[in-house]
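Trainee: Counting the sequence shown from 1 gives a position; my numbering is that position plus 1. Here a beta-carbon is modelled for each residue, glycine too, at the ideal position from N, C-alpha and C. Remember, it's a predicted structure, so these values are computed and weren't measured experimentally.
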Amino acid sequence: MSLFASERFNLLLANLQQQVCDDRTDAWPSDQLRAMADAGVMSWDLPAEWGGLDLASADYLEGLRLLSSACLVSTFVLTQRSAAVRRIVTTDNTASKQQLLPGLLSGEIFATVGISHLTTSGQHLKTPLVQVAETTDGFVFNGVVPWATGATQADFLITGGTLADGRQLLAAIPTDGAGVSVQSPVELMALNASQTGAVKLNRVVVSQKQLLHGPIEHVMQHGTGGGAGSLGTSALAIGATAGILRHMAEEMQRRSDLREFVAPLQAECDQLTADLRLAATGEHAAGAAAVEQLRRQANSLVLRSAQSWLAATKGAGYVSGHPAERAVRESMFFLVWSCPQPVLVANLRELACSGSIVP
Ligand SMILES: Cc1cc2nc3c(=O)[nH]c(=O)nc-3n(C[C@H](O)[C@H](O)[C@H](O)COP(=O)(O)OP(=O)(O)OC[C@H]3O[C@@H](n4cnc5c(N)ncnc54)[C@H](O)[C@@H]3O)c2cc1C
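1. Whole angstroms is fine: what's the gap from A290's alpha carbon to A165's?
2. Say whether chain D places a C-beta atom closer than 7 angstroms to the C-beta of R9.
3. Considering just the uninterrupted stretch of the alpha helix (DSSP H) at G64, what are its terminal residues?
4. Using CA atoms only, rank isn't needed, just tell me which of V86, V145, N11, F334 is closest to I239.
5. Throw me the rounded Cβ distance for the T176 and L158 pair, which I believe falls under 8 angstroms.
6. Use the C-beta contact count for K98: other C-beta atoms within 10 angstroms, 16 or more gives buried, fewer gives exposed.
7. Using the rule of at least 16 other Cβ atoms within 10 Å of the residue's Cβ for burial, across every protein chain shown, is D24 buried or exposed?
8. Let me know the secondary structure DSSP gives L192 once reduced to three states.
9. Where D32 and H219 are concerned, what is the direct C-alpha to C-alpha distance, given to the nearest angstrom?
10. In its own chain, which residues sit with a C-beta less than 7 angstroms from the C-beta of T26, not counting the 5 before and 5 after it?
11. Please specify which runs of the alpha helix (DSSP H), each continuous and at least 4 residues long, are wholly inside the segment 275-341, giving them in chain order.
12. Just the Cα atoms here: how many angstroms apart are G215 and T153?
13. What three-state label does DSSP hand A165 in the structure shown?
14. Within its chain, find whatever has a CB closer than 7 angstroms to the CB of A280; leave out the 5 residues flanking it on each side and keep chain order.
15. How many Å lie between V344 and L302 at the Cα?
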């Protein structure tokens, strides 16, 4: 039986759908993350030698898609933990693996990533946001990691910086280490319970033992588990859409006039779900371009679906606290989260109606 057909997984989904997480910066989806850990979700992305299930990419993405259809904020937090896990699993540094992976598997350790300044954030700035100096026995990190989800809750931050010669490195830095200052979460448009904020690094000493990858040019492109706009981000956008359409379908039970709008959105969502599976197995007709194409289309779909739900629920849906208004705010997240420049440009063109909507 497929993992996702199991009673345990379906109970988890039902549980996540019921326990709506507050959208406040002092909330944290601990119950949802605990429920995921109890259902074995934390083992999905770990290799068998570390006690994990090491799910194939298509299965892992299917899991993310289903979880995000039930609870976007906790699934988003899970992806940031998974991004940290990937960087640890792919390091040659066995000591770090031994130190971190068992706790990440059990859910006792929470790690997150602050890596956007190496991919998407502050790319127009002349000076790297985190600068690194090499010492005789390690490195010293200085600067600001602009974005780290759940940093306030994390035991370790997987982050990186840039040396004067342009080479970059990634390290596992304890959040209670000397010189590490986790800032209060910023007030966001939505997903506030992700407790996302900046982390200041003031002369943080990083030993060779904490080093995960590099120093090397473009460290994020070197076998460290994917950069911005990966299929995982599309899985969440498609999953969030599925959640929205589930609500709309419930509304449709009472209002058959909605069928005209729900049916095409659902067909598009089903098509993107199929495309996601093909892309994950490398069988998508667009080849490597499928990753970017999917994210563009998924962004477009989640935005249109959320706004359709709001329009369908009318003024009642516009009242603060209604799930439709929350879905609209949450859908906007995909315009800014881990969004590579070509995807952003395509989304802007669509919003400006200045280019054709790519099929
Ligand atoms: C809720 C949330 C959670 C996130 N969680 C994480 C996380 O856990 N880990 C992680 O690594 N990242 C995370 N991110 C970061 C995310 O993936 C993107 O990197 C981020 O949203 C990019 O936005 P930015 O403001 O940093 O971009 P920037 O490109 O730095 O833009 C900032 C500002 O700079 C100006 N600007 C931009 N480009 C130019 C230009 N060419 N010339 C002049 N001015 C310019 C604009 O005014 C812009 O508003 C998160 C983001 C959000 C919103």
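Mentor: Checking against the coordinates, here is how it stands:
1. As a working note, residue 290 is residue 289 in the sequence shown. As a working note, residue 165 is residue 164 in the sequence shown. Cα to Cα, the separation comes out at about 33 angstroms.
2. No chain D appears in the structure shown, which is made up of a single protein chain.
3. Here residue 64 refers to the residue found at position 63 when the sequence shown is read from its first residue. Taken as a continuous stretch (DSSP letters only), the alpha helix (DSSP H) holding G64 covers 58-71.
4. Here residue 239 is taken as the residue at index 238 of the sequence shown, counted from 1. Out of V86, V145, N11, F334, F334 has the C-alpha closest to the C-alpha of I239.
5. Your numbering for residue 176 matches position 175 in the sequence shown. Your numbering for residue 158 matches position 157 in the sequence shown. Indeed, because the Cβ distance is near 6 angstroms, the residues count as touching under 8 angstroms.
6. The residue you call residue 98 lines up with position 97 of the sequence shown. It counts as buried.
7. Looking up residue 24 in the sequence shown gives position 23. Only buried fits D24, as 16 or more other CB atoms lie within 10 angstroms of its CB.
8. The residue labelled residue 192 in the question sits at position 191 within the sequence shown. In the structure shown, L192 sits in coil (DSSP, three-state: anything other than H, G, I, E or B).
9. As a first step, residue 32 is located in the sequence shown; it is residue number 31 there, counting from the start. As a first step, residue 219 is located in the sequence shown; it is residue number 218 there, counting from the start. Those two C-alpha atoms are separated by around 37 angstroms.
10. Here residue 26 corresponds to residue number 25 of the sequence shown, with the count starting at 1. P186, E188, N193, Q196, listed in sequence order.
11. 291-319, 324-337
12. As a first step, residue 215 must be located in the sequence shown, where it is residue number 214. As a first step, residue 153 must be located in the sequence shown, where it is residue number 152. Each residue's alpha carbon lies about 26 angstroms from the other.
13. Against the sequence shown, residue 165 aligns to sequence position 164. Note: A165 maps to coil in three-state DSSP.
14. Looking up residue 280 in the sequence shown gives position 279. Counting only Cβ-Cβ distances below 7 angstroms, and skipping sequence neighbours, we find L232, A291, V292, L295.
15. Working through the sequence shown from its first residue, we reach residue 344 at position 343. Working through the sequence shown from its first residue, we reach residue 302 at position 301. The straight-line gap from Cα to Cα measures roughly 13 angstroms.
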